[in-house]
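Q: Note that UniProt numbering numbers the sequence shown so that position 678 is 678, with each residue one more than the last.
C-beta: ideal position from N, C-alpha, C; glycine also.
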Amino acid sequence: MTIAIIGNPNTGKSTLFNLLSGGHAHIGNFPGVTVEKKVGHVRWEGRELDLVDLPGTYSLAPRSIDEMLAVDVLLGRQKEVDQPDAIICIADASNLERNLYLFSQILDLTIPVILVLNMCDLARSRGIQIDAEGLSQKLNVPIVCTEAHHGVGISALKEAILQIEPGCRHQAQQLFPESFYTERKLLQDKLQTDEKQSPPDFLVDRLLLDVGGYVESYFEHHAQNGLIDHLHEARTRLKESGCAVPAMEARLRYAWAREQLNGVLTHPDDHQETTSDKIDRWLTHPVLGFLFFFVLMFFVFQSVFTWAGPAMDYVESGQGVVEEAAQALVGPGPLRSLLVDGVIAGVGGVLIFLPQIVILYFFIAVLEDSGYMARAAYIMDRLMRSLGLSGKSFIPLMSSFACAVPGIMATRVIENRHERLTTILVAPLMSCSARWPVYTLFIAAFIPNIVYFSIAGSPLVSLQGVVLFAMSSIGALIAIPVAWFLKRICFKGEVAPFVMELPGYKWPSPRHVFYRVYNRAKSFVVKAGTLIFATSILIWAAGYFPGDHTEQFKVETRLEAIDTEIGEIETQLASAEELEPAALKGLEGQQAELSAEQEVLAEKQNQISSELVENSFLGQAGHFIAPVVKPLGWDWKIGVGVIASFPAREVIISTLGTIYSLGGDVGEDDEGLIGSIRSATWPDGSKVFNIPVAVSIMVFFALCAQCAATLMVMRRETNSWFWPVVSFTYMTTLAYLGALLSYQVGMLLI
Numbered sequence: 001m002t003i004a005i006i007g008n009p010n011t012g013k014s015t016l017f018n019l020l021s022g023g024h025a026h027i028g029n030f031p032g033v034t035v036e037k038k039v040g041h042v043r044w045e046g047r048e049l050d051l052v053d054l055p056g057t058y059s060l061a062p063r064s065i066d067e068m069l070a071v072d073v074l075l076g077r078q079k080e081v082d083q084p085d086a087i088i089c090i091a092d093a094s095n096l097e098r099n100l101y102l103f104s105q106i107l108d109l110t111i112p113v114i115l116v117l118n119m120c121d122l123a124r125s126r127g128i129q130i131d132a133e134g135l136s137q138k139l140n141v142p143i144v145c146t147e148a149h150h151g152v153g154i155s156a157l158k159e160a161i162l163q164i165e166p167g168c169r170h171q172a173q174q175l176f177p178e179s180f181y182t183e184r185k186l187l188q189d190k191l192q193t194d195e196k197q198s199p200p201d202f203l204v205d206r207l208l209l210d211v212g213g214y215v216e217s218y219f220e221h222h223a224q225n226g227l228i229d230h231l232h233e234a235r236t237r238l239k240e241s242g243c244a245v246p247a248m249e250a251r252l253r254y255a256w257a258r259e260q261l262n263g264v265l266t267h268p269d270d271h272q273e274t275t276s277d278k279i280d281r282w283l284t285h286p287v288l289g290f291l292f293f294f295v296l297m298f299f300v301f302q303s304v305f306t307w308a309g310p311a312m313d314y315v316e317s318g319q320g321v322v323e324e325a326a327q328a329l330v331g332p333g334p335l336r337s338l339l340v341d342g343v344i345a346g347v348g349g350v351l352i353f354l355p356q357i358v359i360l361y362f363f364i365a366v367l368e369d370s371g372y373m374a375r376a377a378y379i380m381d382r383l384m385r386s387l388g389l390s391g392k393s394f395i396p397l398m399s400s401f402a403c404a405v406p407g408i409m410a411t412r413v414i415e416n417r418h419e420r421l422t423t424i425l426v427a428p429l430m431s432c433s434a435r436w437p438v439y440t441l442f443i444a445a446f447i448p449n450i451v452y453f454s455i456a457g458s459p460l461v462s463l464q465g466v467v468l469f470a471m472s473s474i475g476a477l478i479a480i481p482v483a484w485f486l487k488r489i490c491f492k493g494e495v496a497p498f499v500m501e502l503p504g505y506k507w508p509s510p511r512h513v514f515y516r517v518y519n520r521a522k523s524f525v526v527k528a529g530t531l532i533f534a535t536s537i538l539i540w541a542a543g544y545f546p547g548d549h550t551e552q553f554k555v556e557t558r559l560e561a562i563d564t565e566i567g568e569i570e571t572q573l574a575s576a577e578e579l580e581p582a583a584l585k586g587l588e589g590q591q592a593e594l595s596a597e598q599e600v601l602a603e604k605q606n607q608i609s610s611e612l613v614e615n616s617f618l619g620q621a622g623h624f625i626a627p628v629v630k631p632l633g634w635d636w637k638i639g640v641g642v643i644a645s646f647p648a649r650e651v652i653i654s655t656l657g658t659i660y661s662l663g664g665d666v667g668e669d670d671e672g673l674i675g676s677i678r679s680a681t682w683p684d685g686s687k688v689f690n691i692p693v694a695v696s697i698m699v700f701f702a703l704c705a706q707c708a709a710t711l712m713v714m715r716r717e718t719n720s721w722f723w724p725v726v727s728f729t730y731m732t733t734l735a736y737l738g739a740l741l742s743y744q745v746g747m748l749l750i
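(1) DSSP has Val461 in a bridge; who is on the other side?
(2) In terms of alpha-carbon separation, which member of Ala70, Leu60, Trp682, Pro62 lies closest to residue 819?
(3) Just tell me which of Phe646, Ala234, Ala4 has its CA closest to the CA of Ile539.
(4) Determine the contact status of Ser509 and Asp369, defining contact as a CB-CB distance below 9 Å.
(5) Which of the three DSSP states, helix, strand or coil, is assigned to Lys687?
(6) Between the alpha carbons of Ala644 and Ile537, how many angstroms are there, rounded?
(7) Leaving out five residues before and five after Pro322 in sequence, what residues of the same chain have Cβ atoms less than 6 Å from its Cβ?
(8) The alpha helix (DSSP H) spanning Arg124 covers which residue range?
(9) Glu67: buried (16+ other C-beta within 10 angstroms of its C-beta) or exposed?
(10) How about the region 291-304 and the region 315-335: do they share at least three Cβ pairs that are nearer than 8 Å?
(11) For the region 301-339, list the alpha helix (DSSP H) runs that are entirely contained and at least 4 residues long, ordered along the chain.
(12) By the three-class DSSP mapping on this structure, what secondary structure does Cys403 have?
(13) Look at the alpha carbon of Met712 and the alpha carbon of Thr15, and state the distance between them as a whole number of angstroms.
(14) Look at the alpha carbon of Ile65 and the alpha carbon of Glu216, and state the distance between them as a whole number of angstroms.
(15) Between Gly333 and Leu673, what straight-line distance do the alpha-carbon atoms span, to the nearest angstrom?
(16) Buried or exposed: which applies to Gln607, given that a residue is buried once 16 or more other Cβ atoms fall within 10 Å of its Cβ?
(17) For His232, count the other beta carbons within 10 Å of its own beta carbon; 16 or more makes it buried, fewer makes it exposed. Which is it?
(18) Any idea what DSSP makes of Thr557, helix, strand or coil?
(19) So, for Lys392: in the same chain, excluding its five sequence neighbours on each side, which residues have a beta-carbon less than 7 Å away from its beta-carbon?
(20) Please list the terminal residues of the continuous beta strand (DSSP E) segment that includes Arg420.
(21) Using the C-alpha atoms, what's the distance from Trp721 back to Ile532?
(22) Going by Cα to Cα distance, which pick from Arg678, Ser431, Val640, Ile566 is closest to Gly475?
(23) Gln260 and Leu139 - do their beta-carbons sit closer together than 9 Å?
(24) Could you tell me which whole beta strand (DSSP E) segments of length 3 or greater appear in the region 519-597?
(25) Thinking C-alpha only, which one of Ile114, Thr655, Arg77, Leu612 is nearest Cys89?
(26) What does DSSP give as the partner residues of Ala91 in its beta bridges?
(27) What does DSSP give as the partner residues of Glu48 in its beta bridges?
(28) Just mark Ser727 as buried or exposed, buried being the case when its beta carbon has 16 or more other beta carbons within 10 Å.
(29) Quick one: give me the first and last residue of the beta strand (DSSP E) that Val144 is part of.
(30) Taking all protein chains shown into account, do 16 or more other C-beta atoms lie within 10 angstroms of the C-beta of Ala160, making it buried, or fewer, making it exposed?
(31) Apart from the five residues just before and just after Ile569, which ones in its own chain have a Cβ nearer than 7 Å to its Cβ?
(32) Using three-state DSSP, classify Val204 as helix, strand or coil.
(33) In this structure, does DSSP put Glu36 in helix, strand or coil?
(34) Assuming contact is defined by CB atoms lying nearer than 9 Å, are Arg184 and Ile364 in contact in what I supplied?
(35) Is it buried or exposed, Ile750, if we count other Cβ atoms within 10 angstroms and call 16 or more buried?
(36) Please list, in chain order, all residues of the same chain as Ile352 whose beta carbon is under 6 Å from its beta carbon, the five residues on each side excluded.
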């Protein structure tokens, strides 16, 4: 059996789905859209079931292709999902009348349905009493009362699901006046002349009822024989008969809901101020709520940045241990290079993002499950609306200051397709932590440490600090016109109405939080991680081939032998008191000779590595783009560094270290690297680097899409290569123009 789960937002649908699926759900995207697809395969009492979690919605009147997807799944028109044998409709027991609007539309599908009254404990706390058995008799559907947050009622729901007979259907209700069904029949006859097969009754109803909706726009582009004119005439006739659309639907469905609840639902006479109401006096206050939100966001992102640091260090340490083990098992050669610089580095490049993703999604899951996420979106909506976005875009964009990968994944909280795509496309402009090594290197090398303000000898405002702040902020500033352009030009249309229910506050469910974080982390590693890994292998191959590494491997072999010999001598010297003076002197002499040879060979190895990189496909690409980057003040070496840093921006540091014969293990604060780039010259003897060149490089890295992980996650989240290509193209263009302007203007000023 295939069971679809649907309900209004904030009704506990995701919590209930996780409980039914046991947290074992396949998460992906429906083909061609950004809507998340969650399917849980379970086995209950010998029966196989697929549970399909549909996006939260207030009605089945689709206004976009994403909203249409839920309708297509329910009608069996979505290829990857079988038509549901039954539907579980989740309703908020404390707000039942409004929730029955969606339920009444589901009844029109004639598919067996189970109505779940969730959050019954919240309804009781508000003095609301529901006669579930009486309501079940009036609706003629099974009703299950649950408290999904506490796991109450899940067994009863499973039992109700197993009692459904596959293939059965119920009679469609006659909610509308007879004139509506007359017009529907005429419209079906008209459609049958255009289509080989007449669409389902439900779609014809939506075509009549949803003025300017997605169904109408679809038929407007595909229909012939004057269908749209016929549709307008049908609506005119309905209006003349007193059944004007679309107002008729809301009036009749809410009237139906009130009739069904009459006698089975009782409210307290006086409105009771809830604990959530009291908390919201402070947390949604125009001033205090705003301050609390920013304090909370500062804590969240500081935690992501700070807490992830040690975990990321452990990942790097673990990567180093594995690399040493591989080097011990495999001698110098192509296989070792592939394992260490390709495979292990590629896996490390995936796992290094996990701590940030896990921590960020932990906070998002807690904020959503507690009910505060809706308040955060509400508080930020006015500010974000000026950019053509809604308040839901704020957290993904702020997350991207730590790393764009979890930031883009966090856009799943945005239902509107255009807003989500806009947020995804501008998120990489936020200056993530991976750019900081680039800033640190070139600021330390070329920006004078002029102190403008200090207290007790401690500098508070300096030129280097101002430049660092400017580089960290430039992406966010550029994101403002980019977002405006995308929403006004590329994604034309009004900003989607910001409709969000403020659910009651509650303690987050540890189980739900765990499942949420686990599924996100697993999705990243399995789906996006494979693409990141493949990219790392390709970049390794470009930097390795086609050079002859024979001499390099000989030097590496000798260096490792020297390390072993020095280790043995140091062991003997540790017991020096047992040795004769002559023997001790001999050992010290051998150690000095070996150390001198080691130093010479290390320098030779760095020189060979530099030549191999220059002659590799990567180096050839650097030479090829040299005429393009020369107007930026760059030489081919900087071009190679930019290309090599595609898997991760910070790789430019180790690449420059290799190119300048210092080895690939240098850091951004390495004095040797700083000295080498300061002294680098063009063939005519003039300096390659100066302040305008340094600023040009930093501006380029601040604006470019120089991160394979970000592009791969973008591909994963949008389910298309089109948007990563768009992002890479427009950001690289912005970066080039910004770097060009920085260098050319800078050279005029010095």
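A: According to the structure shown:
(1) Under DSSP, Val461 takes part in a beta bridge, and its partners are Phe453.
(2) Absent from the model: residue 819. The displayed extent of the chain is 1 to 750, so no value can be given.
(3) Distance from the Cα of Ile539 is smallest, within the candidate group Phe646, Ala234, Ala4, for Phe646.
(4) Yes, the pair counts as a contact, with Cβ atoms nearer than the cut-off.
(5) Look at Lys687 here: in three-state DSSP terms it is strand.
(6) In this model, Ala644 and Ile537 are separated by some 12 Å (Cα to Cα).
(7) The sequence shown places Val at residue 322, rather than the Pro named in the question. Cβ within range, chain order: Ile344.
(8) Its alpha helix (DSSP H) spans residues 120-125.
(9) Buried.
(10) Per the Cβ contact rule, the region 291-304 is not in contact with the region 315-335 (fewer than 3 Cβ pairs under 8 Å).
(11) If we require 4 residues or more, the alpha helix (DSSP H) runs fully inside the region 301-339 come out as 334-337.
(12) Looking at Cys403 - three-state DSSP - the assignment turns out to be coil, as it is neither helix nor strand.
(13) About 29 Å.
(14) Each residue's alpha carbon lies about 12 Å from the other.
(15) Between Gly333 and Leu673, the C-alpha separation is close to 27 Å.
(16) Of the residues assessed, Gln607 falls on the exposed side of the cut-off, its CB having fewer than 16 other CB atoms within 10 angstroms.
(17) Exposed: under 16 other Cβ atoms inside 10 Å.
(18) Judged by DSSP in its simplified three-state form, Thr557 adopts helix.
(19) Within the same chain, and ignoring the five residues on either side of Lys392 in sequence, the residues whose Cβ sits closer than 7 Å to its Cβ are Ala377, Val413, Ile414.
(20) In the DSSP assignment, Arg420 falls outside any beta strand (DSSP E) and within the unbroken alpha helix (DSSP H) covering 417-426.
(21) In a straight line, the C-alpha of Ile532 is about 14 Å away from that of Trp721.
(22) Of the listed residues, the one whose Cα sits closest to Gly475 is Ser431.
(23) With contacts defined by Cβ atoms closer than 9 Å, Leu139 and Gln260 form a contacting pair.
(24) For the region 519-597, not a single whole beta strand (DSSP E) run of length 3 or above is found.
(25) Cα-wise, what sits closest to Cys89 is Ile114.
(26) Bridge partners of Ala91: Leu117.
(27) Partner(s): Arg43.
(28) Ser727 counts as buried, since at least 16 other C-beta atoms from the protein chains shown sit within 10 angstroms of its C-beta.
(29) Run containing Val144: 143-145, per the beta strand (DSSP E) assignment.
(30) Result: buried.
(31) Counting only Cβ-Cβ distances below 7 Å, and skipping sequence neighbours, we find Leu587, Gln590, Gln591.
(32) In the three-state DSSP reduction, Val204 falls in the helix class (H, G or I).
(33) Three-state result, Glu36: strand.
(34) No, these two residues do not count as a Cβ contact at 9 Å.
(35) Counting every other CB atom within 10 Å of its CB across the protein chains shown gives Ile750 a total below 16, marking it as exposed.
(36) Within the same chain, Ile352 has close Cβ partners Met312, Val315.
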